[in-house]
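Those sequence lines, one after another, are chains A and B.
In terms of this note's numbering, the first sequence opens at residue 473 and continues consecutively.
In terms of this note's numbering, the second sequence opens at residue 473 and continues consecutively.
Where a beta carbon is used, it is the ideal one built from N, C-alpha and C, also for glycine.
There are 2 protein chains.
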Amino acid sequence: MFSILVRDADTSARRGVLETLHGSIETPCFLPVGTRGAVKGVEFDRLEEWDCRAILANAYHLMARPGLEVIRRAGDLHAFLGWARSILTDSGGFQVMSLATRRKISEEGVEFRSPEDGSRHFLSPELAMELQSVFGVDIAMVLDVCPPYPAERAEVESACRLSLDWARRSRQAYSGPGMLFGIVQGGIHEDLRRESAQALLDLDFAGYAIGGVAVGEPKEAIRSITWHTSPLLPEQKARYLMGVGTPADLLESVRAGVDLFDCVLPTRNGRMGHAYTREGEVTIKHERFKEDLSPLDPACGCPVCRRHTRAYIRHLFVVKDFSAPMLLSLHNVFFYLDWMRQIREAITEGRLASLEAPPEGKIEESR
Amino acid sequence: MFSILVRDADTSARRGVLETLHGSIETPCFLPVGTRGAVKGVEFDRLEEWDCRAILANAYHLMARPGLEVIRRAGDLHAFLGWARSILTDSGGFQVMSLATRRKISEEGVEFRSPEDGSRHFLSPELAMELQSVFGVDIAMVLDVCPPYPAERAEVESACRLSLDWARRSRQAYSGPGMLFGIVQGGIHEDLRRESAQALLDLDFAGYAIGGVAVGEPKEAIRSITWHTSPLLPEQKARYLMGVGTPADLLESVRAGVDLFDCVLPTRNGRMGHAYTREGEVTIKHERFKEDLSPLDPACGCPVCRRHTRAYIRHLFVVKDFSAPMLLSLHNVFFYLDWMRQIREAITEGRLASLEAPPEGKIEESR
């Protein structure tokens, strides 16, 4: 299902194709995040136009609302969303972690209260697999226990043991038409990461994710975990780094051999008024852009940059116009998809090692 | 500049073309509202794709923010917005009315405080004309005094007198490249409407608007004023009914001989969760739509109806996803533009009298 087309000579990067039920995904690939079934502020028509092959949704959130039955009646998640290309669903392990004060983890599964209405829910590996099987997604994820950062080593060890047990149960319970990926845990501990990866390999998943990152640890720790964990995974299967990161993080992780990414940054930062550009981040409300008649990114070919200036978008953001977060989200998602296209081309052309990522600083603070 | 192509035999409707500096507008025409320079939630690319020829913006709001200088430096309002088709700007008379407690009207102009930051501003006919001249809009509006409803007859008479004086001064001061329209006032008083229209005709404007409607009076009053005022205006010039209304209101007003419309309903109602359909209004959060797998309007060809179900959009609205108001706004604006296209076709084909407007009731309350 996963084929490597080109191996980079200078790094661990590879260019490949992941064949799914709903089309092929060219890797390395960024999946825009549609947690609740929509990529906030970006029409699916635009995603298709930009050759986006896959999006991410969240099984836990969709179980809470609209609920399994509504999606079952639509046929599957593709039909419910109106998205006929590939879908990857996260199982909800990460979300359960973020509800730390309202959850209770047992061998059986996790009991938690909805932050929205206080209602009680129970999520087990079997239920997470039923959800994703009914959803008919292309890539399903095992239910895992995702320890926060910082955490005691004992807590991470315990999360690893339980995650492994749940991975076994997930593997057994999944009856969907798609691929099931295992998730390596282990926090910042190299030995735990190694043990987790080895045990998951024995279960023979269709692909493997590096989970439990981007939970509050320093950026250097994420990179070091990625460089450590990626080579522990089978060369011939797709590798997915969950929830990471900036354009520079993506490039660095591709060099470490990662194939798939998802991240809320382009949409969330778009709504908050931040734009990604080749020169760095633009905080659009900054006074500096008040009369700036250049596009968000002069080298960008997105519909926002083809038409609008920084001054215009800043104005809309300052007056809190509904279109401002929409335009910034559009640009950012395009920017991420386009950045991955550049990375794929650089691999093919043998110049990935010299490819320069956009600087991580803010343009308005430069010079 | 305005040519009538087809006169309806059964009503006062006419199909025409208004030639502007930035292209021709086929009438009757609905102008989506972009008060602060964006049609909230709808990309300009979509408007162009849907053959939208003109939008409305508000000179008063754009004077407050981003200010005249920013727009002047961009070149004109078209350049600032990134919209190369026609623009009509309202002068701000209506907005000044809505600030009733914070304004002071004199012969010279109106002094008011910004509701946003309390800053003092002064708007005179001369300044309103300078703004719209610099903006380079295709259709500029005189500065008028718009009495609220209900109002004493004496107050309406006084507003008419001052509006006429300001119309004269506007006529003299306007130095822009576009057309300047006069605005008939007179509230619900037929004799005052007649006097206002007659006096404005003597000033020979490029077109005429029926103003001071949709300020709180009953729907029947709006229709009766429109039927009374429209024939007082020159047959050979474009007629513009300001701020009206529902799809049924538009049809009724076209039959009374109106050519141009603007209204916030499609975008504002979209953000509030209401969709217009051929069967009536849909309040999307209603429980009734929870498992409704039909599009918002099965007969609609918009990108939202081509792809998404009511159940999906309801889900997004219930979870307060940013995309929900966007999708509803997209549909509603398309619906309005498409409705006007149907009206134009009906005129051409001689069947306007029998064209049926969508019912004004809510679908979820029917049967």
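Contact with chain D by residue 757 of chain B, beta-carbon distance below 8 angstroms: Considering every chain present, this structure includes no chain D. Its protein chains are A and B.
Distance CB(residue 454 of chain B)-CB(residue 655 of chain B) smaller than 8 angstroms: Given that chain B is displayed from residue 473 to residue 839, the structure contains no residue 454 of chain B and the question cannot be resolved.
contact_flag[the stretch 515-529 of chain A, the stretch 550-563 of chain A] where n(CB pairs < 8 angstroms) is 3 or more: yes
Backbone secondary structure at residue 562 of chain A - three-state DSSP: strand
DSSP state of residue 757 of chain B mapped onto helix, strand, coil: coil
Inter-stretch contact at 8 angstroms, needing at least 3 Cβ pairs: the stretch 574-593 of chain B / the stretch 792-810 of chain A: no
Between the CA atoms of residue 555 of chain A and residue 506 of chain A - distance to the nearest angstrom: 11 angstroms
As assigned by DSSP and simplified to three states, the class of residue 549 of chain B: helix
Start-to-end residues for the beta strand (DSSP E) that takes in residue 613 of chain B: 611-613
Integer Cβ distance of residue 684 of chain B from residue 659 of chain B, believed to fall under 8 angstroms: 6 angstroms
Test: residue 784 of chain B CB closer than 8 angstroms to a CB of chain A: yes
Residue nearest to residue 543 of chain B in terms of C-alpha spacing, selected from B/606, B/557, B/512, B/489: B/606
Residue 474 of chain B versus B/482, B/480, B/490, residue with shortest Cα-Cα distance: B/490
Among A/705, A/651, A/700, the one whose alpha carbon lies nearest that of residue 672 of chain A: A/705
Ordered list of alpha helix (DSSP H) runs contained in the stretch 600-678 of chain B, each at least 4 residues: 625-645, 662-675
Sequence-distant residues of the same chain with beta carbon closer than 7 angstroms to residue 483 of chain B, five excluded per side: 727, 824, 825
Residue 513 of chain B: contacting residues in chain A (beta-carbon distance under 7 angstroms): 794, 795, 798
Three-pair Cβ contact test at 8 angstroms for the stretch 515-525 of chain B versus the stretch 498-505 of chain B: yes
Contacting positions in the stretch 544-564 of chain A - beta carbon closer than 7 angstroms to chain B: 545, 546, 552, 553, 554
Residue 618 of chain B versus residue 515 of chain B: straight-line alpha-carbon distance, rounded: 32 angstroms
Residue 700 of chain B versus residue 738 of chain A - alpha carbon distance: 54 angstroms
Pick from A/657, A/633, A/601 that is closest to residue 650 of chain A, judged by C-alpha positions: A/601
Distance between residue 497 of chain A and residue 708 of chain A (C-alpha atoms, nearest Å): 15 angstroms
Top-ranked residue by Cα proximity to residue 690 of chain A, from A/622, A/729, A/779: A/622
Three-state secondary structure assigned by DSSP to residue 735 of chain A: strand
Status (buried if at least 16 other CB within 10 Å, exposed otherwise) for residue 480 of chain A: buried
Residue 533 of chain A, DSSP secondary structure in three states: helix
Assigned exposure category for residue 539 of chain B - 16 Cβ within 10 Å defines buried: exposed
Residues in the stretch 585-612 of chain B having any Cβ partner in chain A nearer than 7 angstroms: none
Spatial distance of residue 517 of chain A from residue 784 of chain B (CA atoms): 16 angstroms
Cutoff 8 angstroms: residue 455 of chain B Cβ touching any chain A Cβ: The requested residue 455 of chain B is not part of the displayed model; chain B covers only 473 to 839.
Proximal residues, the stretch 488-510 of chain B versus chain A, C-beta separation under 9 angstroms: 506, 507, 508, 509, 510
Nearest-angstrom Cα separation, counted from residue 780 of chain B out to residue 557 of chain A: 14 angstroms
Members of the stretch 525-537 of chain B that neighbour chain A once the beta carbon cut-off is set at 7 angstroms: 537
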